[in-house]
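For the record, the sequence lines run as chains A and B. The numbering used here applies: residue 125 is where the first sequence begins, and numbers increase by one. The numbering used here applies: residue 660 is where the second sequence begins, and numbers increase by one.
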Amino acid sequence: VELQERLADYAAHNVAVFAISYDSIDVLHGFTEKYGIAFPLLSDAGSVAIRRLGHLSRQFAEDHANFGAAYPATYILDADGIIVEKRIAESERERETAAGILEARFGGHSSAHGSEVVIPGDQVAIRAYLDSPTYRMAQRLRLIVDVSVADGWHVYGEPVPDGYVPFSVTVGPLTGLTVGPLVAPEPHPFSVDGLDEQFVVHEGLIRCVVPLTFAESAGDLTVQAQIRFQACSTSECLMPTTLSVELSVRMLIHVERQS
Amino acid sequence: VTTPSDDTQASHERIGPAIGERFPDVVLPDQYGAQIDVHAARGQRPALIIFYRSARW
Numbered sequence: 125v126e127l128q129e130r131l132a133d134y135a136a137h138n139v140a141v142f143a144i145s146y147d148s149i150d151v152l153h154g155f156t157e158k159y160g161i162a163f164p165l166l167s168d169a170g171s172v173a174i175r176r177l178g179h180l181s182r183q184f185a186e187d188h189a190n191f192g193a194a195y196p197a198t199y200i201l202d203a204d205g206i207i208v209e210k211r212i213a214e215s216e217r218e219r220e221t222a223a224g225i226l227e228a229r230f231g232g233h234s235s236a237h238g239s240e241v242v243i244p245g246d247q248v249a250i251r252a253y254l255d256s257p258t259y260r261m262a263q264r265l266r267l268i269v270d271v272s273v274a275d276g277w278h279v280y281g282e283p284v285p286d287g288y289v290p291f292s293v294t295v296g297p298l299t300g301l302t303v304g305p306l307v308a309p310e311p312h313p314f315s316v317d318g319l320d321e322q323f324v325v326h327e328g329l330i331r332c333v334v335p336l337t338f339a340e341s342a343g344d345l346t347v348q349a350q351i352r353f354q355a356c357s358t359s360e361c362l363m364p365t366t367l368s369v370e371l372s373v374r375m376l377i378h379v380e381r382q383s
Numbered sequence: 660v661t662t663p664s665d666d667t668q669a670s671h672e673r674i675g676p677a678i679g680e681r682f683p684d685v686v687l688p689d690q691y692g693a694q695i696d697v698h699a700a701r702g703q704r705p706a707l708i709i710f711y712r713s714a715r716w
């Protein structure tokens with residue numbers, strides 16, 4: 125259902141969507157009627173394809189009513205049908221949010237949040253947005269920066285060896301704006317054959333959250349952030365890059381008056 | 660019984676086709692009973708393919 129709500133986003137990005145389960149056609153038809161599903165729900169009653177693709181959940185014994193269910197996962201295929209991204213749920217109870225995948229991969233849009241900037245890139249793609257289009261005095265907003273690093277590539281965490289540039293997100297100073305500590309995933313150790321240097325790196329999707337508190341009513345503002353990184357694979361390193369994003373936020377007066 | 664942390668990494672490697680492979684051919688009926696060939700139906704579009712447990716539970 126959550127996916128259904130995002131379908132316009134997928135269509136806008138010209139992405140075909142298919143969902144596969146072991147449910148019968150009747151069950152899927154009923155589900156479609158109830159929730160207005162507009163994309164193919166494929167029925168693998170008997171779990172033949174689920175087995176063939178190595179997707180049978182081992183959570184349920186053969187005599188269990190739920191035996192035959194698929195292990196939840198999401199695949200992104202490119203235009204040639206090659207799997208370019210694969211997300212396996214951490215636990216079978218977890219339901220991957222389709223929105224998160226779409227946003228990470230295709231820069232999908234949601235109307236709920238505020239100003240947004242998407243910077244596509246072959247190795248590193250950025251999507252930055254504010255979680256609200258407006259602020260009030262003393263209100264805390266969040267700046268979210270999703271950094272999507274292509275498979276086979278990484279960016280460096282701190283500490284870095286001499287000559288490398290660590291990944292960072294900094295918010296430009298603004299009168300009345302207090303910038304809280306950046307929350308980002310911990311980088312993990314990484315080594316390259318033939319190099320003595322020890323690295324810590326980020327790979328995949330890096331979600332960074334920066335709390336922003338507006339202490340004054342300073343009118344409509346533009347928050348500027350800089351994302352700095354150096355992208356490398358095991359065989360090549362690109363020049364360090366700094367990308368700037370500007371996100372606007374409108375001020376609401378503290379007490380809304382009836383007109 | 661295994662904990663998620665024991666199980667996660669190893670089992671993820673074994674579940675489903677791998678990144679870099681062509682997604683296997685899959686032909687299954689949709690909710691209206693029409694046979695859908697995933698690759699034919701997507702044409703030249705990229706695709707999102709979701710395996711989920713069930714629409715019932």
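For every residue, glycine included, the Cβ atom is placed at its ideal position computed from N, Cα and C. Keep in mind that this is a model prediction, so the values were computed, not measured.
Spatial neighbours of residue 289 of chain A within its chain, please: C-beta separation below 6 Å, excluding the five flanking residues on both sides. 354, 364
I need the straight-line Cα distance from residue 168 of chain A to residue 688 of chain B, nearest angstrom please. 8 Å
Based on the DSSP output, what are the partners of residue 375 of chain A in its beta bridges? A:259
Interface residues of chain A facing residue 696 of chain B [CB-CB closer than 9 Å]: Near residue 696 of chain B there are no residues of chain A at all, since even the closest Cβ is about 10 Å away, more than 9 Å.
Exposure of residue 144 of chain A, with buried meaning 16 or more beta-carbon neighbours within 10 Å: buried
Check for me: the beta strand (DSSP E) holding residue 342 of chain A runs from which residue to which? Here residue 342 of chain A belongs to no beta strand (DSSP E), and DSSP marks it neither H nor E.
According to DSSP, which residues form a beta bridge with residue 152 of chain A? Bridge partners of residue 152 of chain A: none, in fact.
Cutoff 7 Å: residue 318 of chain A Cβ touching any chain B Cβ: no
C-alpha distance - residue 714 of chain B paired with residue 154 of chain A, whole-angstrom precision: 9 Å
Comparing the C-beta of residue 711 of chain B with each C-beta of chain A, is any distance below 7 Å? yes
Sub-7 Å separation of residue 311 of chain A and residue 324 of chain A beta-carbons: yes
To the nearest angstrom, how far is it from the Cα of residue 317 of chain A to the Cα of residue 278 of chain A? 15 Å
Starting from residue 698 of chain B and walking both ways along the alpha helix (DSSP H), at which residues does that stretch end? 697-701
Is there a C-beta anywhere in chain A that falls below 7 Å from the one on residue 699 of chain B? no
Indicate whether at least one CB of chain B lies closer than 7 Å to the CB of residue 141 of chain A. yes
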